[in-house]
Structure formats: C-alpha cells, structure tokens
Amino acid sequence: MDKKLGAINGREITSSLIGLTDPQLYNIDSVVKTSLLTTLAGYLESDSITVYGNAFADSKFLQTFLSYILNDKRAAPRDFNLLLNFVSNGSVFHPNQDSNSYDCLVSFSGGIDSTAGLMYSLDAKRKVLPVWIGFGQKNENRELAVVNELCKKLNVQPWIIKLDLARYVDAGWSRWKSGIIPARNLLFASIAAEIASRSNSPSVDILLCAHKEEITPVNTDKSQRFYDSTTLLFNSAYKKNIRVTTPFYSYTKPEIVSYWSRYWTDRYGISPGETTSCYLGNNCGSCKACFNRAVAFTCSGYKNDHFLQDPFIDQSNTIWGGYITRFDSLESERQLDILYSLNSHIDIAPPRIAKFVEYHYPHFRNAIKKRQKQIRNVLIS
Numbered sequence: 001m002d003k004k005l006g007a008i009n010g011r012e013i014t015s016s017l018i019g020l021t022d023p024q025l026y027n028i029d030s031v032v033k034t035s036l037l038t039t040l041a042g043y044l045e046s047d048s049i050t051v052y053g054n055a056f057a058d059s060k061f062l063q064t065f066l067s068y069i070l071n072d073k074r075a076a077p078r079d080f081n082l083l084l085n086f087v088s089n090g091s092v093f094h095p096n097q098d099s100n101s102y103d104c105l106v107s108f109s110g111g112i113d114s115t116a117g118l119m120y121s122l123d124a125k126r127k128v129l130p131v132w133i134g135f136g137q138k139n140e141n142r143e144l145a146v147v148n149e150l151c152k153k154l155n156v157q158p159w160i161i162k163l164d165l166a167r168y169v170d171a172g173w174s175r176w177k178s179g180i181i182p183a184r185n186l187l188f189a190s191i192a193a194e195i196a197s198r199s200n201s202p203s204v205d206i207l208l209c210a211h212k213e214e215i216t217p218v219n220t221d222k223s224q225r226f227y228d229s230t231t232l233l234f235n236s237a238y239k240k241n242i243r244v245t246t247p248f249y250s251y252t253k254p255e256i257v258s259y260w261s262r263y264w265t266d267r268y269g270i271s272p273g274e275t276t277s278c279y280l281g282n283n284c285g286s287c288k289a290c291f292n293r294a295v296a297f298t299c300s301g302y303k304n305d306h307f308l309q310d311p312f313i314d315q316s317n318t319i320w321g322g323y324i325t326r327f328d329s330l331e332s333e334r335q336l337d338i339l340y341s342l343n344s345h346i347d348i349a350p351p352r353i354a355k356f357v358e359y360h361y362p363h364f365r366n367a368i369k370k371r372q373k374q375i376r377n378v379l380i381s
C-alpha cells in the first residue's frame, strides 16, 4: 500500500515515489522521513518540508542543522534556509518491532574507508552490522556486488535496503557538483539509528567512516558538527545512547591503506583493491574518488592498476582543476601526499603538472620523506 511520507513545497511524497516497496525492512519513523525529505528537498531545491509524523527535536535547531548540511559550498546549487513542519495525519508505517543485539552499525558502501571500519569493528569484537543503502546512485550495482563479496569473505550478513531516487540523482548530477548527494550521510545515519534504536545493547555506535582529511567544516555531512549534532538528535529522538562516530578521526586514507596492507589483508583475506570507490562504479580513473584512491595506493606502497584510465594522466582535468589550483589551501599532509604521488607518476603527467611538481617537490623533499615514513609505519588503535 502506498504510504505518505510528507510534502516538499506542497508536493506530496509517497513511498511509491521513492521506490519504497517493502516497508518492513525498517520503520519509517519521523527521523527517517525527515532525512529522506531533506535529500529530496536538496534535489528539488526547496526550503519547505512537511513531515507526516511527530517532531523529535527543537524545530529551530533542526532547521538550522539541516540547512547547514545542504549548504555544502562545494556542490549546492544555492543557499538553503529550511522551514520544517510536522503534521500527524495518520499515514504512518507500522513500526517493525523486531529487536536486535548489535552494538555497532557500519554505513557500508564497499569502499576503502567503510570496509576498513568494518574490519576495525571485527578486530574489536563488536556485534557489528554493515548497512548498505541503494538509492539509485550511479555506482549502485557495483557497490552492491562488492558489498556482498566482502561480507561473504568476512562472514557477516549485511542489511540491504533499497530505495529509488535515481530520477533525482540523474536530474541533479550537474546541479549538485562533484558527484555529491545532498544530505547523503544524514540519510545513512538516520536509517542506521532507527535500527540501533531497537537494539538490546544499552549503547550503540554508528560508524560513518570518514577519515582525517574529510572531517572539516567544508564537508558539511562529515564535519565534527555533523557527528556531534546527529548524536545529539538520535539520543533525543530515541532516548537511547546512540553515538555517530568514525574510527579514523586521526588517520588519512593513505595511512588506512598502509595499515590494511600490513595487517588486515592476511587476517581477513581482503586487499584494498577489492573495494570500490569510483563515482561511476567502473574505476573510471577520471573522477575525484579514483584520484584519491590512486593517491592512497601510491603513498602506501600498495600496487593496483585496475583503472580504466590512469588517473595521473589527468585527461579529465581532475587533478589540475580540483587540487593544483587550490594547492596552497590543502592541509600539509595532503600536499605532501599529492606531491609524492604526482612525482611517482611524473613520466605520464601532463606538462603543466610535471612543471608544477618539478618546481615544488625540491622544497618539500625532506617533509615528504618524513611523511612517507609516517604512512608506512602507522598503527591504528
């Protein structure tokens, strides 16, 4: 039966409109409805959200926080100033009352960071549940295939949730730049929080496995404010100790891959190259995700050549336009890692990138050596 979730700028949003055909997968409560509607409001570029359900937080705090998430300066097509209204109209999903015993849920995409987070949790003997959400992302099929492959190797059963926002993702791909999905991590965290609310464990961690380089105010759904505020919201909504966190606050992606290569590959029989990162799901070698993956592999000494196109050729202008032009604003570790990686591939680099490296590398040589030693010897605790 089609169910009403709410409305955006007066347009009613139903379960069939977002491909939600099996409501028993999880309970669509006010928290989950709000996150879904926030993502859609981002795509529809609307400030008006009506949630069919009970309010679960202070309205001013919620409106300010959700507006902050959508106002990603790297990608958002405009500034958002959300106005939320909660209305109980009797059209709600019946709660799935099945309890569980998980004390850790991992938002699992099959990428380097989330797979590392899953293995980190297994190391810690947590009762862990990997949660994958397909919503129509361009790399959905590849993600799901990798998630199933990795979970089979790790002997854990993933929780698979399917929505269909493909029409919004496709229509908003150029408006929301850099392949960014509005409020993506809020959606993931909210669904995980609802599952966590039914755990018998008194305390549950939700791992959104961002790494050190990503946890900045620029990344509004990976910032420290995001982690702190979602933790506060979920504790208030569910009257339960639910913490949204990451094991990698202090570690960069090259450090994660380095530790993985030295410890987790033998322990779990999974190599970093078995994960997927590409925005398009085919290891295109042209998107930012592929470049970041290539930098992490190069700096950690991990060898992987499974890109359709070598990222360091920079045929799509990803390196020059996305990193070189703002090199001075990058964090020091990021500068060193990029310089090391570009210098390692200088024989195939475009002339302007080669010239940039030849000028800058000598000034950073000693720092790069120290950084390389740090990466190759890092321990993740």
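Going left to right, the sequence shown walks through residues 1 to 381 as the UniProt record's numbering numbers them.
Note that CB positions come from ideal geometry on N, CA and C, so glycine has one too.
Residue i burial status per 10 Å Cβ neighbour count (16 or more: buried)
i: Thr64; result: exposed
i: Gln137; result: buried
i: His306; result: exposed
i: Lys60; result: exposed
i: Ala124; result: exposed
i: Val87; result: exposed
i: Tyr259; result: buried
i: Glu358; result: exposed
i: Leu308; result: exposed
i: Ile348; result: exposed
i: Gln315; result: exposed
i: Gln335; result: buried
Given residue i as reference, the closest of the options once Cα atoms are compared
i: Leu186; options: Gly6, Thr34, Ala237; result: Thr34
i: Lys107; options: Pro182, Val244, Ala289; result: Residue identity check: residue 107 is Ser in the sequence provided, not Lys. It is Val244.
i: Ala296; options: Gly273, Ala367, Leu308; result: Gly273
i: Asn81; options: Ser30, Gly322, Gly42, Tyr279; result: Gly42
i: Asp29; options: Leu105, Ala289, Ala55, Thr115; result: Ala55
i: Ala76; options: Tyr323, Arg175, Arg365; result: Arg175
i: Leu144; options: Thr115, Ser286, Trp132; result: Trp132
i: Leu105; options: Phe188, Ile18, Phe364, Phe356; result: Phe188
i: residue 383; options: Asn304, Leu129, Asp337; result: Outside the modelled stretch of the chain, which goes from 1 to 381, sits residue 383, for which no answer is possible.
i: Arg184; options: Ala196, Ala210, Ile195; result: Ala210
i: Ile206; options: Ile8, Pro130, Gly269; result: Pro130
i: Ser199; options: Lys222, Lys240, Leu20, Gln224; result: Lys240
i: Asn304; options: Gly285, Asn317, Thr318; result: Gly285
Between the CA atoms of residue j and residue i - distance to the nearest angstrom
i: Asn219; j: Asp47; result: 20 Å
i: Tyr340; j: Ser99; result: 49 Å
i: residue 428; j: Arg293; result: It is not possible to answer for residue 428, since the shown part of the chain is limited to 1 through 381.
i: Tyr102; j: Ile346; result: 48 Å
i: Phe226; j: Val204; result: 17 Å
i: Arg267; j: Ile256; result: 15 Å
i: Leu150; j: Gly110; result: 7 Å
i: Ile13; j: Asp2; result: 10 Å
i: Ser201; j: Glu331; result: 39 Å
i: Leu37; j: Ile181; result: 13 Å
i: Asp79; j: Gly10; result: 20 Å
i: Cys299; j: Tyr361; result: 15 Å
i: Phe93; j: Gly134; result: Interpretation of Phe93 is limited by its pLDDT of 48, a score under 50 that renders its predicted location unreliable; no figure is taken from the coordinates.
i: Lys288; j: Ile191; result: 27 Å
i: Ile380; j: Tyr302; result: 17 Å
i: Cys290; j: Tyr323; result: 13 Å
i: Asn282; j: Asn139; result: 8 Å
i: Ala193; j: Phe234; result: 7 Å
i: Asn148; j: Lys369; result: 39 Å
i: Leu62; j: Arg365; result: 47 Å
i: Thr216; j: Thr39; result: 21 Å
i: Ala237; j: Val32; result: 11 Å
i: Arg262; j: Asp170; result: 39 Å
i: Gln157; j: Leu17; result: 28 Å
For this session: Spell out a yes or no on whether the region 241-255 and the region 109-120 are touching, meaning 3 or more CB-CB pairs, one atom from each, closer than 8 Å.
Result: yes
Exercise. Does the region 154-173 come within contact of the region 67-75, defined as at least 3 CB pairs closer than 8 Å?
Worked result: no
For this session: Quick one: which unbroken alpha helix (DSSP H) runs of 4-plus residues sit fully inside the region 140-188? Chain order, please.
Result: 140-154, 166-171
Exercise. Can you list, in chain order, the stretches of the beta strand (DSSP E) that have 3 or more residues and sit fully within the region 8-87?
Worked result: 11-14, 48-52, 83-87
Exercise. Considering only residues of the region 220-260, which uninterrupted beta strand (DSSP E) runs meet the minimum length of 3 residues and lie entirely inside it, listed in chain order?
Worked result: 241-245
For this session: Entirely within the region 91-134 and at least 3 residues each: give me those beta strand (DSSP E) ranges in chain order.
Result: 104-107, 128-134
Problem set entry | Those runs of the alpha helix (DSSP H) which lie wholly inside the region 274-354 and span at least 4 residues | 288-300, 318-322, 332-344
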